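Residue numbering for the sequence shown follows our numbering, starting at 608 and increasing by one per position.
Note that the Cβ used here is the ideal one computed from N, Cα and C, for glycine as well.
Remember, it's a predicted structure, so these values are computed and weren't measured experimentally.
Below is one structure, written out as structure tokens, with a few remarks after it.
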Amino acid sequence: MSYLVKNYNRKKISFVKGKGSYLYSTNGKKYLDFCGGIAVLSLGHANPELIKTLTTQAKKVWHVSNAFIIPEGEELAKKLVKKTFADKVIFQNSGLEATEAAMKAAKKYFHSIGKPHKNRILCISGSFHGRSLATIYASGSKKMTEGFLPKIPGFDHVKFKDTKPRFPNLRKKIKRTTAAIMVETILGEGGIKPIPDKCLRYLRKICNEKKILLILDEVQSGIGRSGDFLAFEKSKIFPDICPIAKGIGGGFPMGAVLMTNKVAKAMQPGSHGSTFGGNQLAMKVGSKVMDIISKKSFLKNVKKNSNYFLNKLNKLKNKFPKIIKEIRGRGFLIGLQLYQDQSKFIEKLMDNKLLTIRAAENTVRILPPLNVKKNEIDQALRIIDKVCADFK
Ligand SMILES: Cc1ncc(COP(=O)(O)O)c(C=O)c1O
Numbered sequence: 608m609s610y611l612v613k614n615y616n617r618k619k620i621s622f623v624k625g626k627g628s629y630l631y632s633t634n635g636k637k638y639l640d641f642c643g644g645i646a647v648l649s650l651g652h653a654n655p656e657l658i659k660t661l662t663t664q665a666k667k668v669w670h671v672s673n674a675f676i677i678p679e680g681e682e683l684a685k686k687l688v689k690k691t692f693a694d695k696v697i698f699q700n701s702g703l704e705a706t707e708a709a710m711k712a713a714k715k716y717f718h719s720i721g722k723p724h725k726n727r728i729l730c731i732s733g734s735f736h737g738r739s740l741a742t743i744y745a746s747g748s749k750k751m752t753e754g755f756l757p758k759i760p761g762f763d764h765v766k767f768k769d770t771k772p773r774f775p776n777l778r779k780k781i782k783r784t785t786a787a788i789m790v791e792t793i794l795g796e797g798g799i800k801p802i803p804d805k806c807l808r809y810l811r812k813i814c815n816e817k818k819i820l821l822i823l824d825e826v827q828s829g830i831g832r833s834g835d836f837l838a839f840e841k842s843k844i845f846p847d848i849c850p851i852a853k854g855i856g857g858g859f860p861m862g863a864v865l866m867t868n869k870v871a872k873a874m875q876p877g878s879h880g881s882t883f884g885g886n887q888l889a890m891k892v893g894s895k896v897m898d899i900i901s902k903k904s905f906l907k908n909v910k911k912n913s914n915y916f917l918n919k920l921n922k923l924k925n926k927f928p929k930i931i932k933e934i935r936g937r938g939f940l941i942g943l944q945l946y947q948d949q950s951k952f953i954e955k956l957m958d959n960k961l962l963t964i965r966a967a968e969n970t971v972r973i974l975p976p977l978n979v980k981k982n983e984i985d986q987a988l989r990i991i992d993k994v995c996a997d998f999k
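Listed below in structure tokens is the structure:
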């Protein structure tokens, strides 16, 4: 008997300990964790540097509120600004808070320049930006919005197709009232679909032409997961606003919105806030994650090891062409798309001690820690090979 609301379909397993890429269950079994807390555990479980940072800070001060200057937050904001396109940062506690704050910043920007009628956000239908009332309507997915009337207004949708044109009728979807286009650089929940660089450049071009803002949601794809610090870097364009979360805390709940000065100027005192956002514990852990990921060799290794993994997965796709339809993704944000529903496959992987998680379109999402070792990747490959061989 559980006293928790049944809003999740939980697997019947719990864990007592984690170390690096492994989790240890209550019944004494060892699992290779390539679910990674859904792209949260950027540095694996129980990272000694993060433990030291967290416990040291815990003995000093945990939380004071944003009524005061928080030097630990100033320090992390500086690191994020130095590493990215951003001029300014707002700290939050989660991904949805970051995407909500991103949308608020876009609306407030147009309000501040005397164009309050520009307040609609154009999103990809079936994308994922969180589970608040606003973000479920941003996604436009019926499954998420069902039962949550009245509809939150202010969203328009465009399709993102596998075939060309990738964004059909995009220009027509932009109205006089559109403030911003908001998309995930790599659609995560939607089935691990990277938006090609060319399309990102097209989005930037249209936003410039129409004088609207571009929000790139890097909650799942950011903080090194794609092999670049932020996944859009490869395309050589920049957004105006970028929500991040998940990997920046390495398991400590936090989120942030990166933005240009132009947008940040609109967010004056009273425009937005959060009791917990940016507290000392989160800021110290985030800062340490940044230090580790910013080391020269770190992202080079992510690229090298993830390319190795992706190449080997493509070989498995060729070996099992009736089971695996496509290997998708970039870096360690990987989707293994099957021809049939993936639930049984994920269960079999788990029976063989490999943890993964689902995404849309029959996709098995594979999210190792960014510092995963090559022998751990090989172990995962052996398990996937075995499950494919046995799969009916
Ligand atoms: C792209 C994207 N945006 C926003 C969110 C929402 O983040 P959170 O679950 O922390 O609210 C997620 C979560 O999976 C996500 O993948």
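No Cβ-Cβ contact shorter than 8 Å links residue 729 with residue 759.
For residue 970, the enclosing beta strand (DSSP E) stretches over residues 970-973.
By the neighbour-count definition (other C-beta atoms within 10 Å, threshold 16), residue 824 is a buried residue. Here residue 902 carries a coil assignment [DSSP, helix/strand/coil]. Excluding five sequence positions before and after residue 833, the CB atoms of its chain that fall closer than 7 Å to its own CB belong to 793, 937, 938 and 940, given in chain order. Looking at 958, 993 and 933, the one whose alpha-carbon comes closest to that of residue 619 is 958. Per the C-alpha coordinates, the member of 960, 993, 783 and 663 positioned closest to residue 628 is 960. Ranked by Cα distance from residue 797, the first of 968, 724, 726 and 995 is 968. Between residue 763 and residue 780, the C-beta spacing is below 8 Å.
Judged by DSSP secondary structure, residue 990 falls within the alpha helix (DSSP H) whose first and last residues are 981-997. As computed with DSSP, residue 794 is found in a beta bridge with 800. Counting the other CB atoms within 10 Å of its CB gives residue 699 a total of 16 or more, which places it among the buried residues. Residue 790 and residue 736 have their alpha carbons spaced roughly 9 Å apart.
In the structure shown, residue 896 adopts helical secondary structure according to DSSP, grouped into three states.
Beta-bridge partners of residue 625 (DSSP): 630.
According to the DSSP assignment, residue 957 belongs to the alpha helix (DSSP H) that extends over 950-958. For residue 827, the shortest separation between its Cβ and any heavy atom of ligand 1 lies below 7 Å. Pairing residue 863 with residue 688 gives a Cβ-Cβ distance that is not under 8 Å. With 16 or more neighbouring CB atoms inside 10 Å of its own CB, residue 746 falls in the buried class. Counting the other Cβ atoms within 10 Å of the Cβ of residue 877 gives fewer than 16, which makes it exposed. When rounded, the separation of the alpha-carbon atoms in residue 751 and residue 707 is 16 Å.
Straight through space, the alpha carbons of residue 921 and residue 656 are spaced by roughly 34 Å.
Around the C-beta of residue 635, fewer than 16 other C-beta atoms lie within 10 Å, and the residue is accordingly described as exposed. Ranking 861, 930, 970 and 868 by CA distance to the CA of residue 846 puts 868 first.
When secondary structure is reduced to three states using DSSP, residue 655 falls in the helix class.
DSSP, reduced to helix, strand and coil, places residue 789 within a strand of the structure shown.
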